[in-house]
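I have placed the structure first, in the form of structure tokens, so that the comments after it can refer back to it.
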Amino acid sequence: MKPWCEKYKADSVTDLAVDPSSLKKLMAVIDAKGVALIHGPTGSGKTSTIEMIAKENDFELVEMNASDFRDSENVRRVIGGSLQQQSLFERKKLILIDELNGISGREDRGGLLFLNKLLGKNKFPVIMTAEDPFTKKLAATRKKSKVIEFSPVETERIVTVLKKVCEGENVPYEEEDLKTIARRVGGDIRGAINDLQVHSILGKIELSEESEDNEREKEGTILDALRLVFKSRKWENVSGVYDNLKEDHKEIMLWLEQNIPSEYGDEELYNAYMTLSKVDIFNRRIMRWQHWRYLAYVYNLLSYGIAFSKKENKKGFVPYKRSDRPLKIWMNNMKTMKRKSICDKLASSMHSSKKGFVKKHLPYLKLMAKNGRLPDLGLSPEEVEWLRK
Amino acid sequence: MEDSLKIWTEKYRPNKFSEVYGHKEIVKKVKAFVEKGNMPHLLLAGPAGIGKTTLSLVIAKELFGDNWRSNFLETNASDERGIDVIRNKIKDFARTKAVDTNLPKIIYLDECDSLTKEAQQALRRTMETYSGTARFVLSCNYSSKLIDPIQSRCAVFRFKPLLQEDIAELVNSIASAENLKVSDDAKEALFEISGGDVRRVVNTMQSCSVVGDSIDREAVYEVNNFVKPKELDVVLLMAIDGKFEESREKLLKIMLSHGLSGMDIIKQIQAEILRLDLDGEVKLKMIEKCGETEFRLVEGSDEFIQLEAMLASFGLFKK
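So the protein lines, in turn, are chains A and B.
The working numbering runs 18 ahead of the 1-based position in the first sequence.
The working numbering runs 115 ahead of the 1-based position in the second sequence.
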């Protein structure tokens with residue numbers, strides 16, 4: 019028995035949930051026997067489309083994917099010949115090189131180099147697929163290809179397909195449930211069908227509440243971790259508390275740094291920040307010596323160190339906040355750019371260094387601007403406005 | 116450009132030796148050098164805003180007249196402190212002879228104390244090599260920051276803060292030129308806030324003048340309060356008071372709005388601690404923490420976390 023996603027694969031190109039304009043571009047490349055690189059998220063129909071086109075036009079499909087892609091010898095053996103020769107049965111060929119992203123930069127290097135050399139000399143259309151074509155590794159390949167984007171499949175489109183599957187499998191459904199499934203997969207039609215199969219295993223669709231909102235789920239985990247670390251003094255509670263977070267140690271530090279004062283005071287506050295201070299020094303040592311083993315101590319200190327900064331368990335609910343320091347710094351940088359342009363313009367005309375200008379002249383200019391009588395300094399209106407604020 | 120719209124620090128910058136306020140002895144000697152047409156390299160040392168740059172501009176203007184711009188190179192060592200400036204910019208300029216005259220060109224190097232030691236070594240050689248075509252005028256706040264070989268190659272002039280009567284003279288002449296009424300206590304206030312810094316006096320006067328035609332004591336202080344570097348003492352006091360969150364918020368704001376690095380701020384905090392009105396023992400403990408924090412700033416990667424740790428430690432010192 020086939021998995022549903024195979025069973026319900028579209029059976030004509032027009033059936034596919036692919037954006038018609040992308041399809042048109044692709045067909046043009048195939049007609050011209052050119053080279054195309056299609057990219058798009060998982061399940062947006064890249065491979066299916068090619069397979070379908072080959073089937074409908076009676077092309078011989080020569081396929082190669084990441085697992086075949088070892089060295090130049092291999093590439094030559096699999097596609098080298100068919101790139102340049104007519105096939106025995108006089109059938110037209112379509113060459114598909116799937117999952118380019120899966121090629122390892124170092125080990126498969128020879129293969130990729132060889133492929134790049136072949137491109138442009140091909141006698142048959144060559145279509146390649148990649149999830150992300152903009153990596154450095156693929157730069158040379160990209161230059162030789164027409165890059166075509168497949169956008170994620172629209173939710174409504176997925177729902178339509180899911181309905182068809184339900185009808186085919188005699189699964190009773192609520193439209194809402196199908197929509198939920200479609201929304202969760204983010205444009206991955208294959209994933210949606212797989213999910214449907216999982217959720218309807220008992221004869222009808224049953225959706226659990228989990229992962230309703232991916233964003234919130236992840237936020238919840240860092241918040242839970244903070245709660246454990248701040249509230250508890252129990253060794254077991256705190257161990258491995260950051261293991262399953264998407265946040266790295268730097269981000270965790272920002273969260274801690276922001277929220278320590280809302281849980282700890284006096285001595286505890288001091289202990290906790292001293293711990294962060296030590297961690298920060300470890301961070302620098304990691305970078306300087308490239309000794310990533312130190313990361314173990316970073317995590318130990320961030321969990322046990324912060325938890326044992328207090329003498330006893332904490333009670334009560336405290337809402338934790340995300341650190342706004344990075345945002346403030348960013349906004350400030352935007353502001354400083356104006357300041358810099360003003361300095362560049364004026365410092366030398368006042369026989370002053372740029373640094374000196376900021377201290378010795380800028381405050382007075384701001385005051386004059388505030389009072390609406392700035393001398394004529396050749397500043398742009400935006401710069402004058404910046405001074406006034 | 117209409118005169119009333121100019122920045123006064125430029126508008127009233129002296130162009131001749133006779134217009135320079137104060138520093139009578141220095142001006143007399145430098146003028147004599149210029150008149151003889153044979154000037155040694157000069158080193159002008161003294162606090163900010165006192166007339167070092169102005170004097171060097173006057174030298175160029177008196178030597179070369181209208182042509183002064185093409186025979187005068189002004190470089191600021193705090194913007195371009197590396198050895199490359201000495202190697203390229205200065206050498207290129209010094210290599211050729213002055214336009215229309217046999218006099219040596221003038222190279223003015225401002226804020227020399229921020230040149231690296233390597234750049235100073237390079238400078239020393241350059242001064243000798245090009246002494247046929249150029250004279251250097253160096254300025255700095257502290258001559259001790261310059262390596263000895265440079266000091267020994269220059270005639271050194273030490274500027275003292277301007278006297279009250281010099282400042283008063285300046286204030287009067289600007290006031291009459293701009294039709295400003297400046298009350299006597301405002302003059303006193305101007306001297307008080309200036310600390311002998313002429314630039315600050317002139318900038319303050321212009322800032323007052325945009326509000327009205329007369330300047331009184333309050334106006335002077337108001338301007339001064341607006342422009343004064345701010346509130347680090349407040350940050351420290353809040354930290355000691357246990358108001359950690361307010362304190363760090365304010366610190367971040369000061370750092371960002373003034374574009375200060377962790378190193379800049381720790382230097383200022385160290386100086387500020389000494390000035391705080393607190394028990395000596397507490398201040399000593401704070402200084403100790405401050406030093407430790409500076410060490411960790413150098414060793415660590417996130418400056419702000421180290422500063423926060425310091426603020427948190429200050430909270431333990433409250434009574």
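Each residue gets a CB set at the ideal place from its N, CA and C atoms; glycine is no exception.
{"query": "Inter-residue spacing [alpha-carbon to alpha-carbon] between Glu193/A and Ala28/A", "result": "21 Å"}
{"query": "Proximal chain A residues relative to Arg411/B, where beta-carbon distance stays under 8 Å", "result": "Ser295, Asp298 and Ile299"}
{"query": "Where Phe375/A falls, given that 16 or more other Cβ within 10 Å makes a residue buried", "result": "buried"}
{"query": "Residue-level contact to chain A via CB, Ala427/B, 8 Å cutoff", "result": "yes"}
{"query": "Proximal chain A residues relative to Glu423/B, where beta-carbon distance stays under 7 Å", "result": "Glu275 and Tyr291"}
{"query": "Three CB pairs or more closer than 8 Å across the segment 218-227 of chain A and the segment 193-205 of chain A", "result": "yes"}
{"query": "Selection from Val413/B, Lys151/B and Thr168/B that minimises the alpha carbon distance to Leu159/B", "result": "Thr168/B"}
{"query": "Inter-residue Cα distance where the pair is Glu233/A and Glu265/A", "result": "Interpretation of Glu233/A is limited by its pLDDT of 38, a score under 50 that renders its predicted location unreliable; no figure is taken from the coordinates."}
{"query": "Within-8 Å CB hit, Glu293/B to chain A", "result": "no"}
{"query": "Within chain B, the residues that Arg343/A reaches when beta carbons sit closer than 8 Å", "result": "Leu367 and Phe419"}
{"query": "Interface partners of Tyr417/A on chain B, CB under 9 Å", "result": "As displayed, chain A neither begins before 19 nor continues past 407, which places residue 417/A out of reach and without an answer."}
{"query": "Any 3 or more C-beta pairs closer than 8 Å across the segment 382-392 of chain A and the segment 184-194 of chain B", "result": "no"}
{"query": "Residues of the segment 368-398 of chain B with Cβ closer than 7 Å to any Cβ of chain A, in chain order", "result": "Leu371 and Gly374"}
{"query": "Beta-carbon separation (whole angstroms), Gly58/A vs Ser169/A, contact threshold 8 Å", "result": "6 Å"}
{"query": "Rounded Cβ spacing between Tyr136/B and Glu284/B (contact assumed at less than 8 Å)", "result": "6 Å"}
{"query": "Ile278/A beta carbon less than 8 Å from that of Cys23/A", "result": "no"}
{"query": "Min CB distance Lys131/B to chain A below 8 Å", "result": "no"}
{"query": "Neighbour-count burial assignment, Phe410/B, 16 or more Cβ in a 10 Å radius", "result": "exposed"}
{"query": "Segments assigned beta strand (DSSP E), at least 3 residues, entirely inside the segment 106-180 of chain A", "result": "111-115, 144-148 and 164-167"}
{"query": "Inter-stretch contact at 8 Å, needing at least 3 Cβ pairs: the segment 334-351 of chain B / the segment 294-312 of chain B", "result": "yes"}
{"query": "Cβ neighbours of Glu172/A in the same chain (closer than 8 Å, five flanking residues each side left out)", "result": "Ala35 and Gly205"}
{"query": "Neighbour flag for Glu346/B against chain A, beta carbons, 8 Å", "result": "no"}
{"query": "Interface residues of chain A facing Gly430/B [CB-CB closer than 7 Å]", "result": "Asp284, Leu287 and Tyr288"}
{"query": "Coil, strand or helix - Met353/B by DSSP", "result": "helix"}
{"query": "Contacts of Arg202/B in chain A (Cβ-Cβ under 9 Å)", "result": "Here the premise fails: no neighbours, minimum Cβ distance about 20 Å."}
{"query": "Any C-beta of chain A under 8 Å from that of Glu189/B", "result": "yes"}
{"query": "Pair within 8 Å by beta-carbon distance, Lys356/A and Trp404/A", "result": "yes"}
{"query": "Neighbourhood of Lys382/B by C-beta distance below 6 Å, restricted to the same chain and skipping five residues each side", "result": "none"}
{"query": "Expected contact under 8 Å - CB spacing of Lys161/A and Val47/A to nearest Å", "result": "Not a contact, Cβ separation roughly 15 Å."}
{"query": "Closest residue to Lys139/A among Gly128/A, Thr178/A, Ala290/A and Ala50/A (Cα-Cα distance)", "result": "Ala50/A"}
{"query": "Beta-carbon proximity of Asn191/B to Glu226/B, cut-off 8 Å", "result": "yes"}
{"query": "Selection of the segment 302-329 of chain B by Cβ proximity to chain A, strictly under 8 Å", "result": "Arg314, Arg315, Asn318, Thr319, Gln321, Ser322, Val325 and Val326"}
{"query": "Chain A contact residues for Gly357/B, given Cβ-Cβ distances below 8 Å", "result": "Gly283 and Asp284"}
{"query": "Which of helix, strand or coil DSSP assigns to Met82/A", "result": "strand"}
{"query": "Boundaries of the beta strand (DSSP E) in which Glu189/B is found, first to last residue", "result": "Phe187 to Asn191"}
{"query": "At least three beta-carbon pairs within less than 8 Å, the segment 311-331 of chain A to the segment 250-266 of chain A", "result": "yes"}
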